[in-house]
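Student:
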Amino acid sequence: MIPRNKSFHAFTMDAAFSHEDEGTAHTSPSSVIKVMNIAKSVFPGIVTSFQLARSLDVILSKRGFKKETTLLATSFCPDEVCRDVEDELRNVFGQNFSFGGIAGFPFGGCTSFGALCHHVPTDGQCIIVYGPHVGIDFDGTIGKVNRRGHAGSGTCCNTGLASLAYVKSVKSGSKIHSPDPSDPIDAQQVFVDSAVMEHSTRLLGAGNPNIELPHVMLDCQEKLMERIMKKCMPMDTSKGMSIALLGGIQVNTPEGTPDYFLPKKFSLVNDEGKLEEDLLSLLVEEGNKDLTKVVRQKRTEEKPKGEEKCVDVPLIY
Ligand SMILES: [Zn+2]
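Next up, the structure:
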């Protein structure tokens with residue numbers, strides 16, 4: 021039970037870090053396989069960060085998105101474990117416009133959204149990728165991750181789990197001092213706590229609230245994205261600009277295991293924000309293709325005519 025005289029910040033830090041550096045600290049081949057299997061069973065449809073970036077390129081290049089005229093924008097948590105997905109996306113689409121605040125909420129708001137729309141190259145398009153994140157540690161615990169230089173794992177996402185603790189605490193009758201929401205030093209955490217609180221019944225009724233939490237946070241973020249886009253479009257978008265809007269959950273894993281992304285919403289909208297095409301099933305399908313077959317197919321397509329009798333070089337990974 022959290023003492024009533026604790027400050028909001030002390031409560032948040034306790035909730036996020038009171039069980040820091042517990043559990044297994046080192047990787048092993050069996051823990052890598054265990055983490056991968058848990059990730060796939062708990063979040064069905066996940067794709068690796070590499071596959072996500074590759075699949076976006078495959079799908080969007082067929083829809084008029086050219087790399088040289090496409091702006092990548094992301095809204096992810098500031099947590100360092102969230103950079104892997106961005107790195108893979110940047111490898112394909114170049115530097116990103118980042119407008120996310122804690123837990124990945126698009127706290128850059130209308131000003132960021134308007135700015136990124138104006139940064140899109142002439143006659144270009146935009147990809148927006150947003151979402152919360154959740155960790156899986158070496159022991160397979162959902163909601164924890166092994167960070168570099170630590171003798172065990174820690175919570176992930178810190179903000180999300182602090183919000184879950186806030187919901188549990190308030191619902192159990194504890195009073196927590198809430199700071200002035202207009203003061204920027206705690207404003208983002210106050211906002212996330214309030215947003216997650218709206219889903220308290222769903223969260224606390226879940227078999228594992230740590231699994232339900234990122235889904236809840238994504239729903240909260242989508243609500244915010246919809247409000248931002250409704251206010252900014254078409255005022256800030258150029259005529260003919262398409263936006264590929266991808267919302268999902270980052271699944272952070274320990275060293276030696278690929279990071280994943282669970283796509284939950286992927287659509288193409290026009291400069292007025294109207295849906296042009298729902299691409300979610302296409303992304304899940306492309307992202308789960310066997311990479312060996314993808315590379316082999318590409319080689320066949322790229323083979324010059326008249327060289328059909330060339331011998332294929334085996335693929336080595
Ligand atoms: Zn986070």
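Sequential numbering of the sequence shown, starting at 21, is according to my numbering. Heads up, the beta-carbon is just placed ideally off N, CA and C, and yes, glycines get one too. Keep in mind the model is a prediction, meaning the values are calculated, not measured.
Can you tell me whether Leu-311 is buried or exposed? The criterion is at least 16 other CB atoms within 10 Å of its CB, across all chains shown.
Tutor: Under this definition Leu-311 is an exposed residue.
Student: Our contact map puts Cys-97 next to Pro-152 with C-beta atoms below 8 Å; I'd like the distance itself, whole angstroms only.
Tutor: That belief holds up - the Cβ atoms of Cys-97 and Pro-152 are roughly 7 Å apart, short of 8 Å.
Student: Please list, in chain order, all residues of the same chain as Ala-182 whose beta carbon is under 6 Å from its beta carbon, the five residues on each side excluded.
Tutor: These residues qualify, in order along the chain: Thr-32, Ala-35, Ala-36.
Student: Residue range of the alpha helix (DSSP H) that Asn-111 falls in?
Tutor: First-last of the alpha helix (DSSP H) with Asn-111: 103–113.
Student: Express the C-alpha separation of Ala-45 and Glu-100 in angstroms, rounding to a whole number.
Tutor: Rounded to the nearest angstrom, the two C-alpha atoms are 18 Å apart.
Student: At 3 residues or longer, what runs of the beta strand (DSSP E) sit wholly inside the region 110–162?
Tutor: Runs of the beta strand (DSSP E) inside the region 110–162: 116–118, 145–150, 153–155.
Student: Verify the contact flag: Thr-94, CB atom, against every heavy atom of ligand 2, threshold strictly below 7 Å.
Tutor: Annotation note on ligand 2: not contained in the displayed structure, which lists ligand 1 as its ligands.
Student: Quick one: any contact between the region 202–219 and the region 69–89, if contact means 3 or more CB pairs under 8 Å?
Tutor: With a cut-off of 8 Å, the region 69–89 and the region 202–219 do not count as touching, because too few Cβ pairs lie within range.
Student: Can you tell me which of the three DSSP states Ala-35 falls into?
Tutor: Of the three classes helix, strand and coil, the one that applies to Ala-35 here is helix, per DSSP.
Student: Is the number of C-beta pairs between the region 166–178 and the region 54–64 that are closer than 8 Å three or more?
Tutor: Segments in contact, no.
Student: Once DSSP output is grouped into helix, strand and coil, what is the label at Asp-213?
Tutor: Helix, per DSSP.
Student: Going by DSSP, name the residue or residues bridged to Gln-270.
Tutor: Partner(s): His-153, Phe-281.
Student: Hey, Glu-275 and Ser-287: beta-carbon distance below 8 Å or not?
Tutor: Contact: no.
Student: Beta carbon of His-139: closer than 7 Å to some heavy atom of ligand 1?
Tutor: Flag unset: Cβ of His-139 not near ligand 1.
Student: Contact between the region 295–309 and the region 86–96: three or more CB pairs below 8 Å?
Tutor: As far as the Cβ criterion goes, the region 295–309 does not touch the region 86–96, which means the pair count is below three.
Student: Could you name the residues of the same chain whose beta carbon sits closer than 8 Å to that of Cys-13, not counting the 5 residues immediately before and after it, in chain order?
Tutor: Past the edges of the chain, shown from 21 to 337, lies residue 13, and the structure says nothing about it.
Student: Cβ atoms of Lys-164 and Gly-180: under 8 Å apart, would you say?
Tutor: No.
Student: For Thr-68, name the three-state secondary structure that DSSP assigns.
Tutor: Strand.
Student: Assuming Ala-264 and Cys-240 form a contact by the criterion Cβ under 8 Å, report the distance between their Cβ atoms to the nearest whole angstrom.
Tutor: Contact doesn't hold; Cβ gap of about 22 Å is too wide.
Student: Please list the terminal residues of the continuous alpha helix (DSSP H) segment that includes Asp-239.
Tutor: Per DSSP, Asp-239 belongs to the alpha helix (DSSP H) from 229–252.
Student: Using the C-alpha atoms, what's the distance from Pro-199 back to Ile-22?
Tutor: Unreliable placement is indicated for Ile-22, whose pLDDT of 47 sits below 50; no coordinate value is reported for it.
Student: Thr-273: beta carbon under 7 Å from a heavy atom of ligand 1?
Tutor: No, the beta carbon of Thr-273 sits no closer than 7 Å to any heavy atom of ligand 1.
Student: Can you tell me whether Gln-115 is buried or exposed? The criterion is at least 16 other CB atoms within 10 Å of its CB, across all chains shown.
Tutor: Its Cβ having fewer than 16 others within 10 Å, Gln-115 is exposed.
Student: In chain order, which alpha helix (DSSP H) runs of at least 4 residues are fully inside the region 289–329?
Tutor: Whole alpha helix (DSSP H) segments, 4+ residues: 300–307, 311–322.
Student: Within 10 Å of its beta-carbon, does Arg-247 have 16 or more other beta-carbons around it, so buried, or fewer, so exposed?
Tutor: Per the 10 Å Cβ criterion, exposed.
Student: Which residues share a DSSP beta bridge with Gly-180?
Tutor: Paired residues: none, contrary to the question.
Student: Please work out which residues of its chain come closer than 7 Å, Cβ to Cβ, to Asp-206, disregarding the five sequence neighbours upstream and downstream, and give them in chain order.
Tutor: Correct list, in chain order: Phe-28, His-29, Pro-199.
Student: Are the beta-carbon atoms belonging to Leu-223 and Val-187 less than 8 Å from one another?
Tutor: Yes. Within cutoff.
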